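Peer 1: Please see the structure below; I have some questions.
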Amino acid sequence: MKLEIGNFHVKDIVFGRETTFKEGILTVNEKEAIEALNPEGNLKEVELQIVHPGENARILPIKDIVEARMRPDGRAVFPGYTGGMERSGSGQIYALKGMAVTAVGEYAGCGDAMLDMDGEAAGLTHFSKLIHLCFTAKNVDPSEDNDATFKKNLHYRLGAHLLAEYIGRAVTGQMPEEWEVYDDAATTSSELPRTALVLQVSAAMGEGLVTRLYGQDAVQLVPPMLHANEILDGALCGDTLFFGSMKLYTYDYQNLPLIKELYAEHGKSLNFAAVFLDVNPPVADLKTRASERIAVMAEMMNIDAAIVVNTANGHSEIDFFTTIIKLEEEGIKCVGHCMESPGHGGGMQSKIMLDERVDAVISTGADHVILNLPAKERIVGHLGTIGRDPYPGAWAYDPEYGPSLHEDGSLVIDSLMIAGHDGNAGWSNKVCMSY
Amino acid sequence: MKKVIMYLNQFYGGVGGEEKADYEPELVEGTVGPSIALSEMLEEGKVIYTIICGDGYMASHTEAALDKIGELLEGVEFDLLAAGPAFMSGRYGVSCAEVCNYIHKRYQKPTVTCMYEENPGRELCQQDKDMYIVKGHNNGAGMRKDLKQMTNLSDKLMKGEEILWAEKEGYFPRGFRWQIVLPEERTSAKRAVDMLKKKIAGEDYHTELPISVEEKIPIAPPRDGAKSRVAFVSTGGLVPIDNPDHIPSASSTRFGRYDLSGQTVLKPGEWKSVHGGYDQSYANEEPMLAMPLDALRRLEKEGKIGYLHPWFYTTTGNQTNRVNSVRMAKEIVEYLKADNVDVVIFGSA
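Encoded structure:
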């Protein structure tokens with residue numbers, strides 16, 4: 000399968016009369032953009048804001064982050080979601096690099112996060128390096144305007160993908176500045192070890208909350224096999240269930256560093272043969288079923304080696320360990336990729352399940368780090384969601400830390416609040432060390 | 000100049016060999032043997048007193064020995080305790096660990112000791128934030144190098160400098176994990192592919208997540224319910240509606256304990272689930288899905304269980320780690336033992 004991604008580098012975004020891209024400057028017609036992201040009028044008071052890296056700014060609550068793209072042949076950028084179902088992963092697609100489209104809501108749940116564009120917290124996530132074209136909005140239907148932990152955020156999430164597709168059209172008819180080519184057939188060698196990526200998606204709970212596969216919820220998903228190109232090309236879209244620090248946003252799937260690094264070795268030291276999606280069902284037998292399914296697919300595909308990715312903590316760690324153990328039992332050499340949870344004091348066991356057979360693991364760092372952050376001059380969204388809403392990393396009151404939000408706008412929070420903190424797609428330049 | 004106390008056994012303290020192993024603790028002003036060298040190497044402080052105690056005396060009269068050390072140190076101001084190095088000497092290593100534990104607990108001062116990795120004293124030394132065991136040599140030939148390592152760490156501690164991870168500083172890991180930031184290009188994706196290539200090629204690789212396997216406790220054999228005193232404990236996150244103990248929705252460090260004496264049901268609207276790992280709406284509509292008080296009372300009435308302990312213990316299991324789980328369990332067990340409970344029904348989420 001051959002996918003060509005044509006890149007356009009966005010140096011800045013401005014508002015103007017017409018949505019165009021010229022000499023690195025993306026101009027956005029606000030009215031048109033808002034109509035594009037809100038076609039059915041399910042959102043109200045929609046506004047656009049542009050936020051730059053290094054700016055004294057804080058964005059929250061973030062619902063999803065999406066790379067703006069455009070497909071010259073007219074297929075939907077997110078097949079089955081923003082348009083009709085067609086296979087992704089081959090042909091040409093254009094991408095606007097250096098920026099992202101970001102949906103910001105009014106009420107937060109467990110999948111929501113915050114992004115600082117400067118300071119300590121900015122240094123902990125890849126998302127602070129992008130220019131964000133944010134939209135802020137309210138739901139017309141107030142049924143999620145409350146303190147519920149689980150929020151579907153359907154209109155915000157769809158809005159982000161529709162806006163990304165609208166913005167992508169700014170490069171219509173232009174030639175990309177560079178091409179990234181993902182063509183596994185070109186360099187496959189029968190000599191090299193066949194390698195798979197096992198990527199855990201969010202599939203544990205109810206409809207409307209979990210990862211989307213070609214627009215459909217991954218609830219009850221039995222692990223499927225995908226081509227890496229499909230993932231780089233819009234087959235997977237972000238969930239609103241895993242915590243915002245650890246989950247994979249649509250942007251992460253579109254740019255998945257683990258896929259890119261495996262491709263870089265394809266035909267040199269390994270054959271990148273397949274991606275299997277792992278899941279995290281809440282029932283033990285379903286967990287075993289999923290891990291066995293992956294082991295069976297791996298055996299059928301003659302897989303020799305695999306990188307297995309854990310993207311949420313808690314019971315999802317059981318899926319992660321079980322899958323590695325099943326694959327190792329098949330003689331497949333595995334490297335795990337996961338965050339650790341040693342707790343605020345650093346003294347807690349890092350994962351809820353441990354097994355000596357899992358002997359090669361990359362640590363992406365600690366998922367619970369207390370951060371004391373100063374107030375920001377600019378707030379995009381709603382600071383008052385902190386303390387009011389059930390973010391996993393902020394609280395109204397804590398016996399040790401007091402309230403998360405102080406009167407002057409400064410914060411004491413857990414890194415669970417920081418969008419992309421754990422870098423579980425392979426972005427993380429953090430690691431836990433033993434002390 | 001900071002003040003250091005050094006602990007030595009009878010041999011390195013110059014008192015004598017095995018025949019002097021019962022030597023009681025003595026406080027010597029200034030330096031003796033290894034403490035002379037340590038004091039000279041230290042930049043930030045010097046050794047003001049040396050404690051000498053026989054290994055045999057410390058082993059057979061531990062409490063008395065430590066009490067004596069406490070008496071000797073009365074009125075003495077100091078900033079750090081150094082002990083050893085104990086090399087492969089088991090009794091000396093254990094003595095160093097006992098003294099470090101005692102000094103750290105009593106004075107809250109940092110302690111630095113040093114021993115060989117197989118020394119049994121390692122296991123005994125508490126794992127606390129400013130207690131360190133430097134990785135030492137297995138015999139006295141490594142004395143100078145061991146003292147240098149102890150000096151480096153002691154100087155950093157006394158200067159208030161950040162102590163880096165175990166491998167970098169040369170001490171044994173104490174069970175703490177902290178995150179560090181690597182150069183930007185050392186992404187986890189690159190590191191994962193590098194490690195996989197090594198594993199495929201059969202080359203050495205070093206996992207970034209060391210795994211120590213936990214102790215497994217067998218489940219108790221069945222008992223006669225009619226003769227049993229039963230308690231109900233849950234990690235399902237069910238709490239009174241106002242969550243008076245602020246039980247968090249994830250990563251809990253505390254549990255709630257709620258009196259159910261005289262009650263036969265839990266009513267909707269009076270209880271809710273704060274657990275962040277499952278859909279709470281069912282438990283909120285019917286709290287007895289999470290804590291089946293009605294069924295337990297019925298079994299009690301029918302004589303199928305002998306007695307229901309009147310308190311309900313509850314926390315959130317969601318992402319709550321083992322160390323906190325074990326601690327909370329131990330705390331709950333104390334309450335249960337006090338009421339002679341011999342059966343626990345454990346409700347999960």
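Respectively, the protein sequence lines represent chains X and H. Take 0 as the starting number for the first sequence in numbering that gives the first Met the number 0 and just add one per residue. Take 0 as the starting number for the second sequence in numbering that gives the first Met the number 0 and just add one per residue. Note that beta-carbon positions come from the ideal geometry of N, C-alpha and C, so glycine has one too. Since the model is a prediction, treat every value here as computed from it, not as a measurement.
1) Nearest chain H C-beta to X/N152 closer than 9 Å, yes or no?
2) CA-CA distance, H/G159 and H/P109?
3) Please check the pair X/L404 and X/I385, which I expect to be a contact at CB under 8 Å, by giving their CB distance rounded to whole angstroms.
4) Taking any Cβ of chain H, which residues in the stretch 350 to 384 of chain X have a Cβ under 8 Å from it, in chain order?
5) With distances taken between CB atoms, is the gap from H/T49 to H/V75 smaller than 9 Å?
6) Could you tell me whether any Cβ in chain X is nearer than 9 Å to the Cβ of H/T206?
7) Output needed in chain order: residues of the stretch 172 to 189 of chain H with a Cβ under 8 Å from some Cβ in chain X.
8) According to DSSP, simplified to helix, strand and coil, what is X/I431?
9) Please identify the residue among H/T319, H/E28, H/L37 and H/Y91 whose C-alpha is closest to the C-alpha of H/E364.
10) Quick one: list the residues of chain H neighbouring X/W426, beta-carbon separation under 8 Å, in chain order.
11) Give the DSSP-derived three-state secondary structure of H/I210 in the structure shown.
12) What are the boundary residues of the beta strand (DSSP E) that includes H/E25?
13) Thinking just about the alpha-carbon of each residue, which of H/V340, H/Q125 and H/T314 is nearest to the one in H/K226?
14) Could you tell me how far apart the beta carbons of H/T313 and H/S250 are, in whole angstroms, since I believe they sit closer than 8 Å?
15) Can you round the beta-carbon distance between H/N118 and H/M87 to whole angstroms, since I take them to be within the 8 Å contact cut?
16) Quick one: is X/L129 near chain H, going by C-beta distance under 9 Å?
17) When the Cα atoms are used, what is the spatial distance from H/G174 to X/D144?
18) Could you list which residues in chain H have their beta carbon closer than 7 Å to that of X/E339, in chain order?
19) Counting only C-beta atoms, is H/W360 closer than 9 Å to chain X at any point?
20) Residues of the stretch 116 to 146 of chain H with a CB closer than 8 Å to any CB of chain X: list them in chain order, please.
21) Taking DSSP's pairing of strands, which residues face X/H367 in a bridge?
22) Please tell me whether H/G261 has its Cβ less than 9 Å away from any Cβ of chain X.
23) How many whole angstroms separate the CB atoms of X/A294 and X/K325, which I take to be in contact at a CB cut-off of 8 Å?
24) Roughly how many angstroms separate the alpha carbons of H/A20 and H/Q107, rounded to a whole number?
25) Just checking: is the beta-carbon of H/G224 within a distance shorter than 9 Å of some beta-carbon in chain X?
26) How would you label X/D388, buried or exposed, when you count the other beta carbons within 10 angstroms and need 16 or more for buried?
27) Applying a beta-carbon distance threshold of less than 7 Å, which residues of chain X neighbour H/M327?
28) Are H/Q9 and H/D54 touching if we call contact CB-CB under 9 Å?
29) Per DSSP, X/L212 is paired with what?
30) Step through the CB atoms of chain X and report whether any lies within less than 9 Å of the CB of H/D278.
31) Report yes if the CB atom of X/E328 is closer than 9 Å to the CB atom of X/A365, and no otherwise.
32) On a Cα-Cα basis, can you pick out the residue from X/G82, X/V307, X/A147 and X/V170 that is closest to X/L157?
33) X/Y106: which of X/E264, X/I64 and X/K150 sits nearest, CA to CA?
34) Which residues in chain H sit within 9 Å of X/K429, going by Cβ to Cβ distance?
35) Using the three-state DSSP reduction, which class does X/E177 fall into: helix, strand or coil?
36) Looking only at C-alpha atoms, which of H/K271, H/V46 and H/I35 sits nearest to H/K1?
Peer 2: On the basis of the coordinates in this document:
1) Counted from its first residue, the first sequence places residue 152 of chain X at position 153. Closer than 9 Å: no.
2) Within the second sequence, the letter at position 160 stands for residue 159 of chain H. Within the second sequence, the letter at position 110 stands for residue 109 of chain H. Going by the C-alpha atoms only, they are around 11 Å apart.
3) Locating residue 404 of chain X in the first sequence gives position 405, where the first residue counts as 1. Locating residue 385 of chain X in the first sequence gives position 386, where the first residue counts as 1. Contact holds; Cβ gap of about 4 Å.
4) K350, I351, L353, D354, E355, V357, D358, A359, V360, I361, S362, T363, G364, A365, H367 and V368
5) Here residue 49 of chain H refers to the residue found at position 50 when the second sequence is read from its first residue. Here residue 75 of chain H refers to the residue found at position 76 when the second sequence is read from its first residue. Going by C-beta atoms, H/T49 is not nearer than 9 Å to H/V75.
6) Taking the second sequence and counting its residues from 1, the one referred to as residue 206 of chain H is at position 207. Interface residue, yes.
7) P172, R173, G174, F175, R176, W177, Q178, I179, V180, L181, P182, E183, E184, R185, T186, S187, A188 and K189
8) Residue 431 of chain X sits at position 432 when you count from the first residue of the first sequence. The identity of residue 431 of chain X in the sequence shown is Cys, whereas the question assumes Ile. Correct three-state label for X/C431: strand.
9) Any question about residue 364 of chain H goes unanswered here, given that chain H covers just 0 to 348.
10) Within the first sequence, the letter at position 427 stands for residue 426 of chain X. In chain order: T186, S187 and A188.
11) Counting from 1 along the second sequence, the entry for residue 210 of chain H is found at position 211. H/I210 falls in the coil class under three-state DSSP.
12) Here residue 25 of chain H is taken as the residue at index 26 of the second sequence, counted from 1. Looking at the DSSP string, the run of the beta strand (DSSP E) that includes H/E25 is E25 to E28.
13) Translated into the one-based positions of the second sequence, residue 226 of chain H becomes position 227. Cα-wise, what sits closest to H/K226 is H/V340.
14) Working through the second sequence from its first residue, we reach residue 313 of chain H at position 314. Working through the second sequence from its first residue, we reach residue 250 of chain H at position 251. Rounded, the Cβ-Cβ distance is 16 Å, inconsistent with contact.
15) Along the second sequence, one-based indexing puts residue 118 of chain H at 119. Along the second sequence, one-based indexing puts residue 87 of chain H at 88. That pair is a contact at about 6 Å.
16) Stepping through the first sequence from its first residue, residue 129 of chain X is reached at position 130. Output row for X/L129: interface = no.
17) To locate residue 174 of chain H, count along the second sequence from 1; it is residue 175. To locate residue 144 of chain X, count along the first sequence from 1; it is residue 145. C-alpha separation (whole angstroms): 43 Å.
18) Translated into positions along the first sequence, residue 339 of chain X becomes position 340. Under the 7 Å cutoff, chain H gives R176 and L208.
19) Outside the modelled stretch of chain H, which goes from 0 to 348, sits residue 360 of chain H, for which no answer is possible.
20) Q126
21) Position 368 of the first sequence holds residue 367 of chain X. According to DSSP, X/H367 bridges with nothing at all.
22) The residue given as residue 261 of chain H occupies position 262 in the second sequence. Output row for H/G261: interface = no.
23) Taking the first residue of the first sequence as 1, we reach residue 294 of chain X at position 295. Taking the first residue of the first sequence as 1, we reach residue 325 of chain X at position 326. The pair is a contact, with the Cβ atoms about 4 Å apart (cut-off 8 Å).
24) The residue you call residue 20 of chain H lines up with position 21 of the second sequence. The residue you call residue 107 of chain H lines up with position 108 of the second sequence. Between H/A20 and H/Q107, the C-alpha separation is close to 29 Å.
25) Numbered from its first residue, the second sequence carries residue 224 of chain H at position 225. No, because no Cβ of chain X sits closer than 9 Å to the Cβ of H/G224.
26) As a first step, residue 388 of chain X is located in the first sequence; it is residue number 389 there, counting from the start. So X/D388 counts as buried.
27) On the second sequence, residue 327 of chain H is found 328 positions in, with the first residue counted as 1. Result: empty, since nearest Cβ-Cβ is about 12 Å, beyond 7 Å.
28) Residue 9 of chain H sits at position 10 when you count from the first residue of the second sequence. Residue 54 of chain H sits at position 55 when you count from the first residue of the second sequence. Yes, Cβ-Cβ distance for H/Q9 and H/D54 is below 9 Å.
29) The sequence position of residue 212 of chain X within the first sequence is 213, counting from 1. X/Q215 and X/L235, per the DSSP bridge assignment.
30) As a position in the second sequence, residue 278 of chain H is number 279, starting the count at 1. By this cut-off, H/D278 is an interface position.
31) Position 329 of the first sequence holds residue 328 of chain X. Position 366 of the first sequence holds residue 365 of chain X. Cβ atoms of X/E328 and X/A365: not closer than 9 Å.
32) For the purposes of this step, residue 157 of chain X is taken as residue 158 along the first sequence, with counting starting at 1. Comparing Cα positions, the closest option is X/G82.
33) Start at 1 with the first residue of the first sequence, and residue 106 of chain X comes out as number 107. X/Y106 has its Cα closest to that of X/K150, out of X/E264, X/I64 and X/K150.
34) The count along the first sequence starts at 1 and reaches residue 429 of chain X at position 430. Here the neighbours are Q178, I179, V180, L181 and S187.
35) Numbered from its first residue, the first sequence carries residue 177 of chain X at position 178. Residue state, collapsed to three classes: strand.
36) Taking the first residue of the second sequence as 1, we reach residue 1 of chain H at position 2. Ranking H/K271, H/V46 and H/I35 by Cα distance to H/K1 puts H/V46 first.
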